[in-house]
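Chains as they are written, first to last, in the working numbering: chain A, 554 to 725; chain B, 554 to 725.
From the three backbone atoms N, C-alpha and C, an ideal C-beta is built for every residue, glycine too.
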C-alpha cells in the first residue's frame, strides 16, 4: 500500500490554496492542500505499524511551531510546479530529517527539503509563465500554528485517506 | 466551521465502495468512503478543542471491533440513497450514542442510527430503481477490524480534511 506523511494547514490557508488548485492542480480532488514531509512510499501492514510507532516518538520530540507562508515560488526549470513557499523552521527540518534517516526506513531524501504547499502543477511551459506571473503578483502572506501531522494512504483511484494523526509536543 | 465524525474502513472496502461511488455519488471527490458516526455540526475553535477532548475519552471506552458489511440496501422512500449495510454492534451503537448525548454537545440524533457506507445518492427515482436493482444482485460480504475513528472539518469547496484520529481501546 502507498503511504505519505503531510501537514494539513488551517482551513483558512487550505481555502486560499484551493482557490488556485481548483483551476491549476489536477490533484485538486485527490488530496486537500498540504505540506509534504515524506513523499509517497510503499509499506505492508506490519511495516506501517512499526512506522506509526516511530512517528509517535518523533511527534513528541517537537513542539507546535509557527508556519509562515511568505511568497509564491516555482520549481522551474526542474519542473513546472508553483507553490506557496514556507519559511524553514528547525521543527520542520527536524521532522523531515527524522523521517528520512537510517533508523526510520533507511531511505535517503530524494531532494533537499524545500517546505512548500503546491498550488499548481502539470503545467505546460506557456501555462507556467502565465500563471506564475499572475500568482506572484497576488502574493501570499500568512502565519499560523502547526500542532500535528498526518500519515495518509492512497486508494486505487489515486485519492488519499488519513490513517493517523500525530500531535506535536510532550503533553500527549 | 463544519465538523463531522466518521470511520474510514480499510483500503479494500474503500476501493470497492469507490468503484460504485465514482459513477453514482456526487460526493465521490469530496470525501473518501466512510461510515458516519455524527453528521455535520458547527463548532468554533474553543468548542472543537473541548469536543476533541471528549472524543479522546470516548475512544478509550471501546475496544477495536469487527465491522461486517453484509448487503446493499436503500433508504427509499425516505431518500434515494443506496448503501452498504453495516451490522449493528454494541461498540458502534455506543460510539454513536456517546456523540449524541447531553454531555457531548447537547444535541439529539436526527434519526435512529443505521450504520452504513453510502455508495450512491442524489438519484432520480428511475436511476434509483435501476441502480439498486443491479447493485443488490452484485451484493457485498466483507469483514474487517475497526480500531479508530476520525474528526473531520469541511473546506469552502465542500471537501473534508481530517482534523484528528482517535484510536479505540485502552492501550493508548
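Query	Result
Reducing DSSP to helix, strand and coil, say where residue 697 (chain B) ends up.	strand
With distances taken Cα to Cα, identify the nearest neighbour of residue 640 (chain B) among B:653, B:558, B:618, B:600.	B:618
Is there a Cβ of chain B sitting closer than 8 Å to that of residue 709 (chain A), yes or no?	yes
Which residues mark the beginning and the end of the beta strand (DSSP E) in which residue 556 (chain A) is found?	555–560
From the beta carbon of residue 568 (chain B), is the nearest beta carbon of chain A less than 8 Å away?	yes
If the criterion is Cβ atoms closer than 8 Å, does the pair residue 697 (chain A) and residue 562 (chain A) meet it?	yes
Nearest to residue 712 (chain B) by alpha carbon, out of A:554, A:577, A:624, A:586?	A:586
Just the chain A side, please: which residues come within less than 7 Å of residue 580 (chain B) by C-beta, in chain order?	Correct list: empty, because the minimum Cβ distance to chain A is about 11 Å.
By the 10 Å Cβ neighbour count, where 16 or more other Cβ atoms means buried, how is residue 663 (chain B) classified, buried or exposed?	exposed
Measure the CB-CB distance between residue 721 (chain B) and residue 612 (chain B) and report whether it falls below 8 Å.	yes
Quick check on the DSSP output: the alpha helix (DSSP H) that includes residue 678 (chain A) runs from which residue to which?	678–691
Taking residue 714 (chain A) as the query, report the chain B residues whose CB atoms sit under 7 Å from its CB, ordered along the chain.	561, 567, 585
Hey, would you say residue 567 (chain A) sits closer than 8 Å to residue 714 (chain B), going by beta carbons?	yes
Measuring CB to CB, does residue 624 (chain A) end up less than 8 Å from residue 642 (chain A)?	no
Are the beta-carbon atoms belonging to residue 588 (chain A) and residue 559 (chain A) less than 8 Å from one another?	yes
Would you say residue 620 (chain A) and residue 693 (chain A) are within 8 Å of each other, going by their C-beta atoms?	no
Do you know how far the Cα of residue 681 (chain A) is from the Cα of residue 689 (chain A)?	11 Å
Go through its chain and collect everything with a Cβ distance to residue 726 (chain A)'s Cβ below 6 Å, but skip five positions before and after it.	With chain A covering 554 to 725 only, the question about residue 726 (chain A) has no answer from this structure.
What would DSSP say about residue 708 (chain A), mapped onto helix, strand or coil?	coil
Does the CB of residue 706 (chain A) have a neighbour CB from chain B at under 8 Å?	yes
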